[in-house]
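Asks:
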Amino acid sequence: MKAVHVDVRVNPIQYEVYMGTDLLDRMAQDLQEKPLAKRYAVLSDDRVSGLYGKKMMESLEKRGLKAQLFTFPQGEASKNRKEKEHLEDAMLAAGFGRDSAVIALGGGVVGDLAGFVAATYMRGIPVLQVPTTTLAMADSAIGSKTAVDVPYGKNLIGAFHSPVEVYMDMGFLPSLDERNYFAGLVELIKHSFIRMPALQDFLSEHRDTVCLRQGEDYFAVMETLFYQNSAVKNEIVSRDQQESNLRKVLNYGHTLGHSVEMASHFERIHGECVAIGIAFAAYLSWQLGYCEEEWAQKQVQLLQEYHQDTRIPEGLTTEQLIQGMKTDKKVRDGKTEWILLAGPGKLVQRPDGAYGIPVEEDILRECLEGFRKWQK
Ligand code: GLY
Numbered sequence: 164m165k166a167v168h169v170d171v172r173v174n175p176i177q178y179e180v181y182m183g184t185d186l187l188d189r190m191a192q193d194l195q196e197k198p199l200a201k202r203y204a205v206l207s208d209d210r211v212s213g214l215y216g217k218k219m220m221e222s223l224e225k226r227g228l229k230a231q232l233f234t235f236p237q238g239e240a241s242k243n244r245k246e247k248e249h250l251e252d253a254m255l256a257a258g259f260g261r262d263s264a265v266i267a268l269g270g271g272v273v274g275d276l277a278g279f280v281a282a283t284y285m286r287g288i289p290v291l292q293v294p295t296t297t298l299a300m301a302d303s304a305i306g307s308k309t310a311v312d313v314p315y316g317k318n319l320i321g322a323f324h325s326p327v328e329v330y331m332d333m334g335f336l337p338s339l340d341e342r343n344y345f346a347g348l349v350e351l352i353k354h355s356f357i358r359m360p361a362l363q364d365f366l367s368e369h370r371d372t373v374c375l376r377q378g379e380d381y382f383a384v385m386e387t388l389f390y391q392n393s394a395v396k397n398e399i400v401s402r403d404q405q406e407s408n409l410r411k412v413l414n415y416g417h418t419l420g421h422s423v424e425m426a427s428h429f430e431r432i433h434g435e436c437v438a439i440g441i442a443f444a445a446y447l448s449w450q451l452g453y454c455e456e457e458w459a460q461k462q463v464q465l466l467q468e469y470h471q472d473t474r475i476p477e478g479l480t481t482e483q484l485i486q487g488m489k490t491d492k493k494v495r496d497g498k499t500e501w502i503l504l505a506g507p508g509k510l511v512q513r514p515d516g517a518y519g520i521p522v523e524e525d526i527l528r529e530c531l532e533g534f535r536k537w538q539k
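In the numbering used here, the protein residues as written are 164 to 539.
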């Protein structure tokens, strides 16, 4: 047998994540000074484009940049292969070539879908992420994951496609509805638990400003919040983009969270389910002897202060939840693997350094029952 050794040195990527206000103009200015493409396809949903599409297009046109807006119906139901195909065909029909770039303007669905379009369009064109929701700013716009959902599960078809830059404009936040605003902050709270106790303190200290979305210092507080949050997420992702071990810690609260999300038929939105999942992972960490009850309670308290109901919704049976967890990516030899915390920022590791801690189904069943009582 013969073999040719192939050693492709893929360029490591570096990009900036900006947070501030009036960033649409700043982005257009940056693109004018350092063009990324000949034409820009702004991809957005019908809600966000109604609010900010005109402003985005005007900012780009004012700087002499050629751009076209493409929209699709808002909501998770649009994050599928069909919508991706529609967008690609619309861009092809409009003559967008390899010298184009995508600007993803919107929340998590827009970022994931538009990012995936960019990842495969003409074998890959650049993407700029402009997240407009707390969820997208806290999580999905950073970290290079793009994907669509398929009938077999969420985010199962996708690609890693890093943005060229990310622009987080705090001015988008006041228009977000209450439910999505608070649910998106759960990912940020999660980052504070797993990696940055100082961020947890900041969240406690500035709770009123963040929750009321008022006050002279609101934008400055949110800017600091997302700055610290991005530092946590980027530190983890830059060390393990492909999720071979460390990046798995970002799944804290997601094992039960995804199961609740599916069992509630997406009536509970992602962040709300992750809040329940975090509360349970905290309880499980305590029950397995990794931490004190006080630490588990502290996590639940902060989530509740940020308007989250951390109880398992009535009507969802333990059996249903166990079955849901089995379809999760984090199952090995029939045991679900859990990200657990021994204290603030103290992740539990197996002797070989791995972060997923396997838990037997019987123990899980018992703990799910115990958790319901603990939460009463
Ligand atoms: N949302 C989890 C991750 O980016 O890995």
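A virtual CB, placed ideally from N, CA and C, is assigned to each residue, including glycine.
Do S448 and L503 have their beta-carbon atoms positioned less than 8 Å apart in this structure?
Replies: Walking along the sequence shown from the start, residue 503 turns up at place 340. Walking along the sequence shown from the start, residue 448 turns up at place 285. Yes.
Asks: Helix, strand or coil for R244? Go by DSSP, reduced to three states.
Replies: Here residue 244 corresponds to residue number 81 of the sequence shown, with the count starting at 1. It is helical.
Asks: Tell me whether E196 is buried or exposed, calling it buried when 16 or more other Cβ atoms sit within 10 Å of its Cβ.
Replies: Here the question's residue 196 lines up with position 33 in the sequence shown. It counts as exposed.
Asks: If I'm right that I320 touches V293 with Cβ under 8 Å, what's the distance once you round it to whole angstroms?
Replies: Translated into the one-based positions of the sequence shown, residue 320 becomes position 157. Translated into the one-based positions of the sequence shown, residue 293 becomes position 130. Not confirmed; about 24 Å, so no contact.
Asks: Is any heavy atom in the ligand GLY found nearer than 7 Å to the beta carbon of G258?
Replies: One-based indexing of the sequence shown puts residue 258 at position 95. Incorrect: G258 has no Cβ contact closer than 7 Å to the ligand GLY.
Asks: Our contact map puts V311 next to L255 with C-beta atoms below 8 Å; I'd like the distance itself, whole angstroms only.
Replies: Along the sequence shown, one-based indexing puts residue 311 at 148. Along the sequence shown, one-based indexing puts residue 255 at 92. Not confirmed; about 18 Å, so no contact.
Asks: Would you kindly report the start and end of the unbroken beta strand (DSSP E) that includes E424?
Replies: Here residue 424 is taken as the residue at index 261 of the sequence shown, counted from 1. Looking at the DSSP string, E424 is not in any beta strand (DSSP E); the run it does join, the alpha helix (DSSP H), is 417-426.
Asks: At a cut-off of 7 Å, is E246 close to the ligand GLY when judged by its beta-carbon and the heavy atoms of the ligand?
Replies: The residue you call residue 246 lines up with position 83 of the sequence shown. It does not: the Cβ of E246 is nowhere closer than 7 Å to a heavy atom of the ligand GLY.
Asks: Since M190 contacts Y390 with CB under 8 Å, what's their CB separation in whole angstroms?
Replies: Within the sequence shown, numbered from 1, the residue matching residue 190 stands at position 27. Within the sequence shown, numbered from 1, the residue matching residue 390 stands at position 227. Contact flag wrong, Cβ pair sits at about 18 Å.
Asks: Identify, in the order they occur along the chain, each residue of the same chain with its Cβ nearer than 7 Å to the Cβ of W537, setting aside the five sequence neighbours on each side.
Replies: As a first step, residue 537 is located in the sequence shown; it is residue number 374 there, counting from the start. Taken in chain order, the residues that qualify are Y446.
Asks: Are Y415 and A444 touching if we call contact CB-CB under 8 Å?
Replies: Within the sequence shown, the letter at position 252 stands for residue 415. Within the sequence shown, the letter at position 281 stands for residue 444. A contact, by the Cβ cut-off of 8 Å.
Asks: Let me check you understand the geometry: is the CB of K308 closer than 7 Å to at least one non-hydrogen atom of the ligand GLY?
Replies: Looking up residue 308 in the sequence shown gives position 145. Checking every heavy atom of the ligand GLY against the Cβ of K308, one is found closer than 7 Å.
Asks: Pull up the CB-CB distance for G487 and A426, whole angstroms please, since I reckon it's below 8 Å.
Replies: Counting from 1 along the sequence shown, the entry for residue 487 is found at position 324. Counting from 1 along the sequence shown, the entry for residue 426 is found at position 263. Between A426 and G487 the Cβ distance is about 5 Å, and since that is below 8 Å, they are a contact.
Asks: Rounding to the nearest angstrom, what Cα-Cα distance links E468 and R370 in this structure?
Replies: Here residue 468 refers to the residue found at position 305 when the sequence shown is read from its first residue. Here residue 370 refers to the residue found at position 207 when the sequence shown is read from its first residue. Looking at the two C-alpha atoms, the distance is approximately 8 Å.
Asks: Quick one: give me the first and last residue of the beta strand (DSSP E) that R202 is part of.
Replies: As a first step, residue 202 must be located in the sequence shown, where it is residue number 39. Per DSSP, R202 belongs to the beta strand (DSSP E) from 202-208.
Asks: Confirm the yes/no value for this check: CB of D302, any heavy atom of the ligand GLY, distance under 7 Å.
Replies: Within the sequence shown, numbered from 1, the residue matching residue 302 stands at position 139. Under cutoff, so the answer is yes.
Asks: How long is the line joining the alpha carbons of P521 and N318, rounded to whole angstroms?
Replies: Working through the sequence shown from its first residue, we reach residue 521 at position 358. Working through the sequence shown from its first residue, we reach residue 318 at position 155. The alpha-carbon atoms of P521 and N318 are separated by roughly 23 Å.
Asks: Are the segment 388-408 and the segment 298-308 touching, with three or more C-beta to C-beta distances below 8 Å?
Replies: The segment 388-408, when compared against the segment 298-308, does touch it at the 8 Å Cβ threshold.
Asks: Pick from M331, D193, F323, V412: whose alpha carbon is nearest that of T297?
Replies: Taking the first residue of the sequence shown as 1, we reach residue 297 at position 134. Taking only the C-alpha atoms, the option nearest T297 is M331.
Asks: With a CB to CB cut of under 7 Å and the five nearest residues on each side skipped, what residues in its chain are close to T481?
Replies: In the sequence shown, the residue the question calls residue 481 occupies position 318. Excluding positions up to five away in sequence, the list reads R528, L531, E532.
Asks: Would you identify the three-state DSSP class for A304, choosing helix, strand or coil?
Replies: Indexing the sequence shown from 1 puts residue 304 at position 141. Coil at A304, not helix or strand.
Asks: Between the alpha carbons of V395 and M164, how many angstroms are there, rounded?
Replies: Counting from 1 along the sequence shown, the entry for residue 395 is found at position 232. Counting from 1 along the sequence shown, the entry for residue 164 is found at position 1. One C-alpha to the other measures close to 47 Å.
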